[in-house]
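Quick note: the sequence shown uses numbering that gives the first Met the number 0, first residue 0, plus one each step.
Ideal Cβ placement from N, Cα and C applies to all residues, glycine included.
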Amino acid sequence: MEKISQVSTFGKGNDELQEEQQKCQENQVFSCNERVLYRILMGYGFLVVFVFALIGNCLNLFIYNSDQIRYYIAIRMLCTKLLMNTLMMMLLVPQALRIINFWEPGSETDEFYWKFWPYQAYCVNLFGFCSMWLTVLMTGECYVHIFFPSQSKSVCTKKNVSRSYLIMIVAGMILALIYPLNRTVHLEKQCESVVVKIVASETFLMKLSERIHTVANLLLAILVPLSLLVFMTASIVWRLLIKTSDIRITSRFSAEKKSVTRITLITTVLQLITEVPSVPVFVYAGIFGPNIVNKNPQLCTWQTVSHFLGLCNASMSFFVYISFSDRFRSFMCRQLLFRNFCPRFVSRPAEISKMKTYTSFVSHTGTDRCVENPSNIRRPDILGISNIPNSASENLFDLGTETEIIISKKNGVHVTEKRHQIRDPSSSTTPSSVNDSFL
């Protein structure tokens, strides 16, 4: 009899355990972050992309900050974008480690991570927003120089770029404020597992703020910048490749056309591929609320793919340039390999030497030869030669001039004379656009 009662009690315990497990499965909330695809792409896949991004962006920053090319406004914007992309990727490393269970869920490390998660989301969204608009600014500078060359010097200035930076950063900070203000993380233990609940306030004001944030984010972070990129790129392609009768075609300008078209097309295509999947996610979130992603598996897949493509876009610029540009590859080899190991066998590029060093000026009237003071060699303003252009391509339509300084002696008095001469565009070696320097 005792045996039978023990067996029946044991059987009853199994039934209760099965009922509890069944209730846990029924009450289990679907989470997009727990899907296998999300773990593969945003966990292990992210770590691979991060390594490539760190190497590629650092090499890009090293190359772009070498010699005179760093003074171009477009290069400064590109370096700022690369820096923001790198910081964004670094901030996402803890998230990838949590996804692959690098630490135990519910541990002190996990609690510490979720404590600072709203601020991590704030910084990541801020850097992503600024990176998107920096791409628009770079393409916009190219557009202004092609369609409004006479006004480019007054529009594409350091002051205007600084103002654009300020507006861009302030707008990004305001848009991302929703994360630290209306996101609270709770860790709950259910059915022998730790469940992470990200709770948003249910008050009318916060619900309204969520809807406004979703719509504003959709417009300012995706639709408006992508529309501008498509419009400006289509206009550039139409002007440089289709309607070429309005432009004086020279051999030098033909190379610039290919360079400008290539870089703008690549930038726009990458942005379109990486940002378009986010559009339906934001539309559904604006209509049904942010939790719709966890209720709809198809929408979760869209969001996962769009996030991963955005990470790839943040790390692909170096590999795109090295794949599509022979000049970029040769310059990289010269800067990284030969310049470090065989500096004597590497000469400075002709265009950079011409802009940076001025050794002597010879009179063509049979007068004395005068060599300038070495301290003034690297100061073109003292020698009466125009400074390096602020913009990336402000000389795109300029045939260019050469300034010759002649120092002669008349009646025992030294006389300085300047002569300006139109430079032949076909023989010029100075890069008239930053895109022509590499691409």
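Original post:
So what does DSSP say about Y183, is it helix, strand or coil?
Top reply: In the sequence shown, the residue the question calls residue 183 occupies position 184. According to the sequence displayed, residue 183 carries Thr and not Tyr. It is a strand residue.
**OP:** Determine contact between the stretch 227 to 244 and the stretch 95 to 106, defined as no fewer than three beta-carbon pairs at a distance below 8 angstroms.
**Re:** Three or more Cβ pairs closer than 8 angstroms define a contact, and the stretch 227 to 244 falls short of that threshold against the stretch 95 to 106.
**OP:** Would you identify the three-state DSSP class for Q189, choosing helix, strand or coil?
**Re:** Residue mapping note: residue 189 aligns to position 190 of the sequence shown, counting from 1. It is a strand residue.
**OP:** Specify whether the stretch 174 to 188 and the stretch 215 to 228 touch according to this definition: at least 3 beta carbon pairs, one from each stretch, less than 8 angstroms apart.
**Re:** yes
Original post:
Once you ignore the five residues that flank L228 on each side, which residues in its own chain have a CB closer than 8 angstroms to its CB?
Top reply: For this step, residue 228 is matched to residue 229 along the sequence shown. Once the five neighbours on either side are set aside, the close Cβ partners of L228 are T134, V135, T138, T266, T267, Q270 and L271.
Original post:
How should N59 be labelled, buried or exposed, when 16 other C-beta atoms within 10 angstroms of its C-beta is the threshold for buried?
Top reply: Sequence index remark: in the sequence shown, residue 59 carries index 60 (1-based). That one is buried.
Subject >> Secondary structure of V194, DSSP reduced to three states >> reply: Locating residue 194 in the sequence shown gives position 195, counting from the first residue. In the structure shown, V194 sits in a strand (DSSP, three-state: E or B).
Original post:
What's the C-alpha gap between L382 and I62?
Top reply: What you label residue 382 is simply residue 383 of the sequence shown in a count that begins at 1. What you label residue 62 is simply residue 63 of the sequence shown in a count that begins at 1. Low confidence applies here, because L382 scores a pLDDT of 38, under 50, leaving its location unreliable; read the following figure in that light. Each residue's alpha carbon lies about 29 angstroms from the other.
Subject >> Own chain partners of T85 with C-beta closer than 6 angstroms, once the 5 adjacent residues on each side are dropped >> reply: Indexing the sequence shown from 1 puts residue 85 at position 86. Closer than 6 angstroms at the Cβ level, and outside the excluded window around T85, lie N56.
Original post:
Thinking C-alpha only, which one of F203, V319 and V280 is nearest C31?
Top reply: Within the sequence shown, numbered from 1, the residue matching residue 31 stands at position 32. The shortest C-alpha separation from C31 is found at V280.
**OP:** In angstroms with no decimal places, state the Cα-to-Cα distance between K471 and G285.
**Re:** Residue 471 is absent from the structure shown; the chain starts at 0 and stops at 438.
Original post:
Between the beta-carbon of M83 and the beta-carbon of F45, is there less than 8 angstroms?
Top reply: In the sequence shown, counting from the first residue as 1, residue 83 sits at position 84. In the sequence shown, counting from the first residue as 1, residue 45 sits at position 46. Between M83 and F45, the C-beta spacing is not below 8 angstroms.
**OP:** Please list, in chain order, all residues of the same chain as L77 whose beta carbon is under 7 angstroms from its beta carbon, the five residues on each side excluded.
**Re:** In the sequence shown, residue 77 corresponds to position 78, counting from 1. Excluding residues within five positions, the ones whose Cβ falls inside 7 angstroms are Y63 and M137.
**OP:** Using alpha carbons as the reference points, say which of R333, L298, Y164 and F287 lies closest to L36.
**Re:** Start at 1 with the first residue of the sequence shown, and residue 36 comes out as number 37. Ranking the options by Cα distance to L36, first place goes to L298.
**OP:** May I have the straight-line CA-CA distance separating Q119 from T108, to the nearest angstrom?
**Re:** Locating residue 119 in the sequence shown gives position 120, counting from the first residue. Locating residue 108 in the sequence shown gives position 109, counting from the first residue. Each residue's Cα considered, the two are about 15 angstroms apart.
Original post:
CB E274 to CB L225, shorter than 8 angstroms?
Top reply: For the purposes of this step, residue 274 is identified with residue 275 of the sequence shown, where counting begins at 1. For the purposes of this step, residue 225 is identified with residue 226 of the sequence shown, where counting begins at 1. Yes. Within cutoff.
**OP:** Less than 8 angstroms between the CB atoms is what I'm expecting for C122 and L81, so what's the real figure, rounded?
**Re:** Residue mapping note: residue 122 aligns to position 123 of the sequence shown, counting from 1. Residue mapping note: residue 81 aligns to position 82 of the sequence shown, counting from 1. Contact doesn't hold; Cβ gap of about 17 angstroms is too wide.
Subject >> Element boundaries [alpha helix (DSSP H), containing A52] >> reply: Within the sequence shown, numbered from 1, the residue matching residue 52 stands at position 53. That run of the alpha helix (DSSP H) goes F45 to Y63.
**OP:** Tell whether a beta-carbon distance below 8 angstroms holds between S163 and I221.
**Re:** Position 164 of the sequence shown, counting from 1, holds the residue named residue 163. Position 222 of the sequence shown, counting from 1, holds the residue named residue 221. Contact: no.
**OP:** Can you give me the start and stop residues for the alpha helix (DSSP H) that P104 sits inside?
**Re:** Taking the first residue of the sequence shown as 1, we reach residue 104 at position 105. No alpha helix (DSSP H) holds P104; DSSP gives it neither H nor E.
**OP:** Using a threshold of 8 angstroms, state whether the C-beta atoms of C332 and V48 are closer than that.
**Re:** Working through the sequence shown from its first residue, we reach residue 332 at position 333. Working through the sequence shown from its first residue, we reach residue 48 at position 49. Against a cut-off of 8 angstroms, the Cβ pair of V48 and C332 comes out as no contact.
Subject >> Unbroken alpha helix (DSSP H) run spanning P148, endpoints >> reply: In the sequence shown, residue 148 corresponds to position 149, counting from 1. Note, P148: premise wrong, no alpha helix (DSSP H); not H, not E.
**OP:** Work out the CA separation of S314 and H306 for me, nearest whole Å.
**Re:** Indexing the sequence shown from 1 puts residue 306 at position 307. Indexing the sequence shown from 1 puts residue 314 at position 315. Going from the Cα of H306 to the Cα of S314 covers about 13 angstroms.
Subject >> Run of the alpha helix (DSSP H) containing T300, from where it starts to where it stops >> reply: Here residue 300 refers to the residue found at position 301 of the sequence shown. Run containing T300: P296 to N312, per the alpha helix (DSSP H) assignment.
Original post:
Which first and last residues belong to the alpha helix (DSSP H) in which M87 is found?
Top reply: Along the sequence shown, read from residue 1 onward, the residue named residue 87 stands at position 88. Note, M87: alpha helix (DSSP H), I72 to L90.
**OP:** List the endpoints of the continuous alpha helix (DSSP H) containing L207.
**Re:** Taking the sequence shown and counting its residues from 1, the one referred to as residue 207 is at position 208. That run of the alpha helix (DSSP H) goes F203 to L217.
Subject >> Residue of F287, M231 and Y283 minimising C-alpha distance to Q302 >> reply: Here residue 302 corresponds to residue number 303 of the sequence shown, with the count starting at 1. It is Y283 whose Cα lies nearest to the Cα of Q302.
**OP:** For the alpha helix (DSSP H) holding A170, just list the boundary residues, first then last.
**Re:** For the purposes of this step, residue 170 is taken as the residue at position 171 of the sequence shown. Where A170 is concerned, the enclosing alpha helix (DSSP H) stretches over K157 to L174.
Subject >> Helix, strand or coil at K242 according to DSSP, with G and I counted as helix >> reply: The sequence position of residue 242 within the sequence shown is 243, counting from 1. K242: coil per DSSP, three-state reduction.
Subject >> Separation of F111 from E33, as counted between CA atoms >> reply: Numbered from 1 along the sequence shown, position 34 holds the residue referred to as residue 33. Numbered from 1 along the sequence shown, position 112 holds the residue referred to as residue 111. Going from the Cα of E33 to the Cα of F111 covers about 20 angstroms.
**OP:** Give the DSSP-derived three-state secondary structure of P93 in the structure shown.
**Re:** Numbered from 1 along the sequence shown, position 94 holds the residue referred to as residue 93. Of the three classes helix, strand and coil, the one that applies to P93 here is helix, per DSSP.
Original post:
Can you tell me where the alpha helix (DSSP H) with F287 in it begins and where it stops?
Top reply: To locate residue 287, count along the sequence shown from 1; it is residue 288. S277 to F287 is the extent of the alpha helix (DSSP H) around F287.
**OP:** Please classify M41: does DSSP put it in a helix, a strand, or coil?
**Re:** For this step, residue 41 is matched to residue 42 along the sequence shown. Helix.
**OP:** Between the Cα of K206 and those of R182, N295 and E187, spot the shortest distance and give me the residue it belongs to.
**Re:** Locating residue 206 in the sequence shown gives position 207, counting from the first residue. Residue R182 is the option with its Cα nearest to K206.
**OP:** Would you mind stating whether C190 and I72 have Cβ atoms separated by less than 8 angstroms?
**Re:** The residue labelled residue 190 in the question sits at position 191 within the sequence shown. The residue labelled residue 72 in the question sits at position 73 within the sequence shown. Taking 8 angstroms as the Cβ cut-off, C190 and I72 do not qualify as a contacting pair.
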